[in-house]
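The numbering used here puts the first residue of the sequence shown at 4, with every later residue one more than the last. Before any comments, here is the structure.
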Amino acid sequence: MKKSLRAAVLAGATAALAFASVAVTAPTASAVGSSACTRKEVDKMHSMGPATPIHESPYASSKVVTGGWRSFSTLCSKPGHDGHRWWYGYVASGQEGWVWGAYLET
Numbered sequence: 004m005k006k007s008l009r010a011a012v013l014a015g016a017t018a019a020l021a022f023a024s025v026a027v028t029a030p031t032a033s034a035v036g037s038s039a040c041t042r043k044e045v046d047k048m049h050s051m052g053p054a055t056p057i058h059e060s061p062y063a064s065s066k067v068v069t070g071g072w073r074s075f076s077t078l079c080s081k082p083g084h085d086g087h088r089w090w091y092g093y094v095a096s097g098q099e100g101w102v103w104g105a106y107l108e109t
């Protein structure tokens, strides 16, 4: 009985150690800044609705980093899959991120 308990504890510890080493070496997600841009558009001011999300990457599924702003200054952009561009820029607080072009008004 003691052998099976010791084997189970050893197996559990080995599994925990293996999981921890994978978690430590796993790559972390990072925001995509202006390096993803294909067209430069320096400091062009756009209006947007107060509920417009500003994302960390040019994808709707990416994390929303801020929102609730009425203006957005663009720095550059890249084409989206639906015909609208994704614009990279910043809001008055200095927070940078990506906004889907359909949300921006000139």
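C-beta: ideal position from N, C-alpha, C; glycine also. What you are looking at is a predicted structure, and each value in this text was computed from that prediction instead of being measured.
Answer yes or no: do residue i and residue j have a C-beta to C-beta separation smaller than 7 Å?
i   : j    : result
M51 : S76  : no
C79 : Y91  : yes
S60 : V94  : no
K81 : T109 : no
Closest to residue i by CA distance: which of the options is it?
i    : options              : result
P53  : G97, G70, E108, H87  : G70
G86  : T109, V45, A105, S60 : A105
G100 : V68, S38, T41, G83   : V68
Q98  : S38, E44, H58, K43   : H58
S96  : H84, L107, A39, S74  : S74
Give the C-beta separation of residue i and residue j to the nearest angstrom, bearing in mind that I take them to be a contact with Cβ-Cβ under 8 Å.
i    : j   : result
W103 : W89 : 6 Å
Please name the residue or residues paired with residue i in a DSSP beta bridge.
i    : result
G100 : G92
S50  : S74, E108
Margin query: Runs of 3 residues minimum, wholly inside the segment 55-90: which ones carry the beta strand (DSSP E) assignment?
Written below: 56-58, 67-70, 74-82
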